[in-house]
Amino acid sequence: MSYYQLRDEVDLHHLTRNEARRLVMNTIRKCHSREIHCVRFITGRGNHVNATGGRGVLYEAFPSWISDNKIRYFVGHCKKFDGYYDVYLDLEYTPSLFGEFIRFIRLKFKYILLSFLLFVLFLTLLALIYILLIWINYRA
Numbered sequence: 001m002s003y004y005q006l007r008d009e010v011d012l013h014h015l016t017r018n019e020a021r022r023l024v025m026n027t028i029r030k031c032h033s034r035e036i037h038c039v040r041f042i043t044g045r046g047n048h049v050n051a052t053g054g055r056g057v058l059y060e061a062f063p064s065w066i067s068d069n070k071i072r073y074f075v076g077h078c079k080k081f082d083g084y085y086d087v088y089l090d091l092e093y094t095p096s097l098f099g100e101f102i103r104f105i106r107l108k109f110k111y112i113l114l115s116f117l118l119f120v121l122f123l124t125l126l127a128l129i130y131i132l133l134i135w136i137n138y139r140a
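So this is what it looks like as structure tokens:
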């Protein structure tokens, strides 16, 4: 996938962590809808100390942003370089209302859903045992 030509470049310097994260999310969505294969996000290398005394905050946080549930399906893969990331988008992914609903259910309610499915399985097993016991008593 790295053979795609770079089509967009976003400089995240001088943005706060939250501003940069929001910009990354919006840019990936927009580039996907415009069918742009590759986007470069310039984060910097962390050579300078910021106001809070931290270094390389954006560079270190970037991988977690692109694996966020809201946009991770748009991202094919990401290459890390010295001070920037190239993000290659999966243009074959098409979000659908049903697919997004299923993803939402999976992410938000996966434990509730799993518990419910186990409960239904347990009830089914009990019903089968009950039917088997009735059948055995009927034959005897």
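In case it helps, the UniProt record's numbering puts the sequence shown at residues 1 to 140. We treat Cβ as the ideally placed atom computed from N, Cα and C, and that holds for glycine. For clarity, every value in this text was computed on a predicted model and none was experimentally measured.
Please report the residue range of the alpha helix (DSSP H) in which residue i lies.
i: Glu19; result: 17-33
Relative to the C-alpha of residue i, which residue among the options is closest?
i: Ile28; options: Asp90, Gly46, Tyr59, Tyr84; result: Asp90
i: Tyr59; options: Tyr73, Arg72, Lys79; result: Lys79
i: Ile71; options: Lys30, Tyr111, Asn47; result: Lys30
i: Tyr85; options: Phe62, Thr16, Tyr111; result: Phe62
Near residue i, what residues of its chain come up, given a Cβ to Cβ distance below 6 Å and the 5 sequence neighbours on each side ignored?
i: Gly83; result: Gly44, Arg45
i: Asp11; result: Ile42
i: Ile36; result: Arg7, Asp8
i: Leu125; result: none
Going by the CB atoms, is the gap between residue j and residue i shorter than 7 Å?
i: Val75; j: Val39; result: no
i: Asn69; j: Leu107; result: yes
i: Arg22; j: Trp65; result: no
i: Tyr93; j: Tyr111; result: no
Tell me which residue opens and which closes the beta strand (DSSP E) that residue i is part of.
i: Arg45; result: Segment: none, Arg45 is in no beta strand (DSSP E) and carries neither H nor E.
By Cβ distance, which residues of its chain are closer than 7 Å to residue i, with the 5 residues on each side in sequence left out?
i: Ile105; result: Leu113
i: Arg17; result: Val57, Leu58, Ala61
* Asked: Going along the chain, which unbroken runs of the beta strand (DSSP E) with 3 or more residues stay wholly within the segment 50-101?
  -> As far as the segment 50-101 is concerned, its whole beta strand (DSSP E) runs of at least 3 residues are 75-80, 84-89.
* In chain order, each alpha helix (DSSP H) run of at least 4 residues that lies wholly inside the segment 110-135 -> With a minimum length of 4 residues, no continuous alpha helix (DSSP H) run stays inside the segment 110-135.
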